[in-house]
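Asker:
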Amino acid sequence: MARTKEFDENVVLDKAMKLFWEQGYEKTSMTDLVEHMGIHRRSLYDTFGDKHTLFLKAIDRFRTKVNTELAGVVKGSETAVDALQLIISYMIYGNGDKESPSGCLMVNSAVELAMRDIDVDSKATESFTLAEQLFKDIILWGQKNGELTLDYDAGVLAAHLNAVGIGLRAMARTSIPKENLQRTANISIKLLTK
Numbered sequence: 000m001a002r003t004k005e006f007d008e009n010v011v012l013d014k015a016m017k018l019f020w021e022q023g024y025e026k027t028s029m030t031d032l033v034e035h036m037g038i039h040r041r042s043l044y045d046t047f048g049d050k051h052t053l054f055l056k057a058i059d060r061f062r063t064k065v066n067t068e069l070a071g072v073v074k075g076s077e078t079a080v081d082a083l084q085l086i087i088s089y090m091i092y093g094n095g096d097k098e099s100p101s102g103c104l105m106v107n108s109a110v111e112l113a114m115r116d117i118d119v120d121s122k123a124t125e126s127f128t129l130a131e132q133l134f135k136d137i138i139l140w141g142q143k144n145g146e147l148t149l150d151y152d153a154g155v156l157a158a159h160l161n162a163v164g165i166g167l168r169a170m171a172r173t174s175i176p177k178e179n180l181q182r183t184a185n186i187s188i189k190l191l192t193k
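Heads up: the sequence shown at position 191 corresponds to 190 in numbering that gives the first Met the number 0, and the numbers run straight through without jumps.
1) So which of Thr124, Asn161, Asp31 has the shortest CA-CA distance to isoleucine 137?
2) Can you tell me which residues form a DSSP beta bridge with leucine 147?
3) Would valine 106 and alanine 169 be called neighbours here (beta carbons separated by less than 8 Å)?
4) For alanine 157, does the count of other Cβ atoms within 10 angstroms reach 16, so buried, or fall short, so exposed?
5) What three-state label does DSSP hand alanine 1 in the structure shown?
6) In chain order, what residues of the same chain have a beta carbon less than 6 Å from the beta carbon of serine 99, not counting five sequence neighbours either side?
7) For the region 91-162, list the alpha helix (DSSP H) runs that are entirely contained and at least 4 residues long, ordered along the chain.
8) Where do the ends of the alpha helix (DSSP H) carrying histidine 35 lie?
9) Going by the beta-carbon positions, is the gap between leucine 167 and isoleucine 87 smaller than 8 Å?
10) Near alanine 113, which residues of its chain fall below 7 Å by C-beta distance, leaving aside the five closest residues on each side in sequence?
11) Where do the ends of the alpha helix (DSSP H) carrying aspartate 45 lie?
12) Can you tell me where the alpha helix (DSSP H) with alanine 70 in it begins and where it stops?
13) Using a Cβ-Cβ cutoff of less than 6 Å, which residues in the same chain neighbour isoleucine 38 once the five nearest sequence positions on both sides are dropped?
14) CA-CA distance, valine 213 and aspartate 116?
15) In three-state terms, what does DSSP make of alanine 184?
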């Protein structure tokens, strides 16, 4: 007779996600994961597979959570400029959860592994493409309502903001003051406004 799981998969996956986010893939051992997730090693393997598979699931979980939060940010914004400012602030400061590590799991993982791990490269590239599309949709909204410049194609502006956002998320992991990052973001948004 099969045993029932004594844990919520999403809860323990969130714990693994946070540990990978904080320490990176290479530095996180299976022992670290077992201790941090609070489950037995056998349960970890039975539920999530090996470390690499667990890592990929943690990345997917991160992306789903961030995309949901960003969709809420955009939906709650009155203007395209407000949406852009809120998204960029989210990239710098996070979602306000003091327990979350700084920076971005996706950017951290891309920097650490994308050159040698095709799965991570694929997930990072897909995530960055989705972020760029989100920027493009917001920019089109802002161009349509007269907030944002028509001097450049929305796709070009979105690619620019996406690159700035990736840089900001990487720099948010350092000791550079967040206010400095916010100034850079503000200039990027100002360049788009009429």
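C-beta: ideal position from N, C-alpha, C; glycine also.
Answerer: From the atom records:
1) Restricting attention to Thr124, Asn161, Asp31, the CA atom closest to the CA of isoleucine 137 is found in Asn161.
2) Note: leucine 147 sits in a beta bridge opposite Thr192.
3) Note that the C-beta distance between valine 106 and alanine 169 is below 8 Å.
4) It counts as buried.
5) Its pLDDT being 48, under 50, alanine 1 is placed unreliably by the model, and the measurement read from it follows with that caveat. Residue state, collapsed to three classes: coil.
6) Scanning its chain for C-beta atoms nearer than 6 Å, with the 5 sequence neighbours on each side dropped, one finds around serine 99 the residues Gly93, in chain order.
7) Secondary structure remark: continuous alpha helix (DSSP H) runs of at least 4 residues inside the region 91-162, in chain order: 104-112, 117-143.
8) Where histidine 35 is concerned, the enclosing alpha helix (DSSP H) stretches over 29-36.
9) Their beta carbons are under 8 Å apart, which means leucine 167 touches isoleucine 87 by this criterion.
10) Once the five neighbours on either side are set aside, the close Cβ partners of alanine 113 are Val119, Asp120, Ala123.
11) Following the DSSP letters along the chain, one finds aspartate 45 inside the alpha helix (DSSP H) bounded by residues 40-47.
12) In the DSSP assignment, alanine 70 falls within the unbroken alpha helix (DSSP H) covering 50-74.
13) Contacts found: Phe6, Val11.
14) Look at the range of the chain in this structure, 0 to 193, and you will see that residue 213 is not part of it.
15) When DSSP states are grouped into helix, strand and coil, alanine 184 belongs to the helix group.
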